[in-house]
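Residue 40 is where the sequence shown starts when you use my numbering, and the numbers rise one by one after that.
Backbone N, C-alpha and C define an ideal beta-carbon position, used for all residues, glycine too.
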Amino acid sequence: VSDIIPFQNYSKDELLSLTASAESKSEHPFAKAILEFAKNQNVNIFESTEFKMTSGKGIVSTILQNNISKKIICGNENFLTEHKVQLEENIISQLEQLRLQGKAVILIAEENSCIGIIALSDILRSDVSEIICKLNSIKVNSVLLTGDNKKTAQYFANLAGIKNICSDLLPEQKVEQIINLQNENKTVCMIGDGINDAPALKTADVGIAMGSMGSDI
Numbered sequence: 040v041s042d043i044i045p046f047q048n049y050s051k052d053e054l055l056s057l058t059a060s061a062e063s064k065s066e067h068p069f070a071k072a073i074l075e076f077a078k079n080q081n082v083n084i085f086e087s088t089e090f091k092m093t094s095g096k097g098i099v100s101t102i103l104q105n106n107i108s109k110k111i112i113c114g115n116e117n118f119l120t121e122h123k124v125q126l127e128e129n130i131i132s133q134l135e136q137l138r139l140q141g142k143a144v145i146l147i148a149e150e151n152s153c154i155g156i157i158a159l160s161d162i163l164r165s166d167v168s169e170i171i172c173k174l175n176s177i178k179v180n181s182v183l184l185t186g187d188n189k190k191t192a193q194y195f196a197n198l199a200g201i202k203n204i205c206s207d208l209l210p211e212q213k214v215e216q217i218i219n220l221q222n223e224n225k226t227v228c229m230i231g232d233g234i235n236d237a238p239a240l241k242t243a244d245v246g247i248a249m250g251s252m253g254s255d256i
């Protein structure tokens with residue numbers, strides 16, 4: 040977690056508390072990172088009484104805060120728009136700035152009002168560009184398949200030395216990309232860390248799921 044940006048007179052701790060509570064039943068790596076950060080910050084984690092995840096988009100959760108039920112929506116712009124949440128220009132502007140820094144962003148709404156943004160920053164392993172270079176030298180092509188925004192994806196692809204990027208993908212679209220490669224007589228090894236990657240990992244000729252840091256898939 041790199042940035043916590045509250046709106047609507049919420050404090051950073053209040054925004055973090057509501058988001059962590061809403062995400063507490065999610066297996067997504069972003070959710071796990073937010074929950075761990077919230078626990079380290081000693082903010083309150085409230086019970087989630089209802090939880091629904093839409094793969095590649097976000098979650099809707101009802102939490103019980105001081106005996107008051109609150110509907111919290113966490114996800115991308117399209118997901119919030121689907122739930123009738125309007126995003127003002129200043130929010131869109133802050134999203135763009137964060138993405139140019141290579142950060143993944145989660146929008147948080149209570150009912151139909153956006154109450155904040157939480158941004159997360161991936162940390163590349165120091166040997167990534169060397170590994171990609173070695174793969175290139177033995178004629179193994181690397182492709183970045185991600186649900187992240189194009190600007191965030193481009194930032195990390197540039198650092199890693201990956202030329203082929205497919206961004207803004209839903210889980211089923213990752214599967215389509217793999218099938219397209221297989222139809223070109225390519226053997227595909229897929230590496231994934233999230234529950235949303237499970238269909239793509241199963242479709243690939245070789246599927247590698249992350250161990251300690253990923254979801255339990």
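Would you say residue i and residue j are within 7 Å of each other, going by their C-beta atoms?
{"i": "L240", "j": "M229", "result": "yes"}
{"i": "P33", "j": "L54", "result": "Given a span of 40 to 256 for the chain in the structure shown, any question on residue 33 remains unanswerable."}
{"i": "S181", "j": "I171", "result": "yes"}
{"i": "K202", "j": "L184", "result": "no"}
{"i": "S60", "j": "F90", "result": "no"}
{"i": "S165", "j": "D187", "result": "no"}
{"i": "T101", "j": "T88", "result": "yes"}
May I ask which residues mark the beginning and end of the alpha helix (DSSP H) holding residue i?
{"i": "Q212", "result": "210-222"}
{"i": "E116", "result": "116-121"}
Might you give, ordered along the chain, the residues of its own chain that have their beta carbon closer than 6 Å to the beta carbon of residue i, omitting 5 neighbours on each side?
{"i": "V124", "result": "A148, N151, C153"}
{"i": "L134", "result": "V144"}
May I ask you to report which of helix, strand or coil DSSP gives residue i?
{"i": "K91", "result": "strand"}
{"i": "I234", "result": "helix"}
{"i": "K241", "result": "helix"}
{"i": "I102", "result": "strand"}
On a Cα-Cα basis, can you pick out the residue from the options that is closest to residue i?
{"i": "E42", "options": "K96, S94, R138", "result": "Looking at the sequence shown, residue 42 is not Glu but Asp. It is R138."}
{"i": "A77", "options": "Q216, L57, G231, V167", "result": "L57"}
{"i": "E169", "options": "G200, T185, D207", "result": "G200"}
{"i": "I157", "options": "K178, D232, I130", "result": "I130"}
By the DSSP assignment, the beta strand (DSSP E) with residue i in it spans what residues?
{"i": "V259", "result": "Here the chain has residues from 40 to 256 only, and residue 259 is not among them."}
{"i": "T58", "result": "First-last for T58: 51-61, but that is the alpha helix (DSSP H), not the beta strand (DSSP E)."}
{"i": "E149", "result": "142-149"}
What residues in its chain sit with their C-beta under 8 Å from that of residue i, if we drop five residues either side in the sequence?
{"i": "L163", "result": "F195, L198, A199"}
{"i": "G114", "result": "T93, K96, G97, I98, I145, L146"}
Tell me which same chain residues have a C-beta within less than 7 Å of the C-beta of residue i, skipping the five on either side of it?
{"i": "S63", "result": "L74, I84, S87"}
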